[in-house]
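Using the numbering used here, the letters of the sequence shown correspond one by one to residues 7 to 79. We treat Cβ as the ideally placed atom computed from N, Cα and C, and that holds for glycine. Notes to accompany the following structure.
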Amino acid sequence: MTANTHPNGARSFERLYKLPSVVERVALSRAEIYRRIKEGTFPQPVKIGARAVAFRGSDIDAWLVQLGNGGEQ
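In structure tokens form, the structure reads like this:
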């Protein structure tokens with residue numbers, strides 16, 4: 007999870023999702039997600055380890071909202 011600092015100094019943590027959770031959440035195949043990442047039409051993953059990546063929940067939420075508003079992302 008990534009930390010966010012609020013103006014009052016409190017910290018909250020953003021949810022990070024591994025690819026299997028993203029596949030389930032957005033109803034796209036793994037291959038389609040990677041194709042869209044390469045095209046720049048899907049949120050970029052963030053590196054969380056030497057050989058591991060995850061997706062920010064806020065990025066996925068924003069992508070879904072844009073898609074629902076008629077955006078082709």
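Check, Outcome
"Just to confirm before moving on: does the CB-CB distance between LEU34 and VAL59 stay below 9 Å?", "no"
"Check for me: the beta strand (DSSP E) holding ALA37 runs from which residue to which?", "Taken as a continuous stretch (DSSP letters only), ALA37 belongs to no beta strand (DSSP E), being part of the alpha helix (DSSP H) at 36-45."
"For GLY63, which three-state DSSP category applies?", "helix"
"Taking all protein chains shown into account, decide if PHE19 is buried (16 or more other Cβ within 10 angstroms of its Cβ) or exposed.", "exposed"
"Taking the beta carbon of VAL32 as the centre, do at least 16 other beta carbons fall within 10 Å, making it buried, or is it exposed?", "buried"
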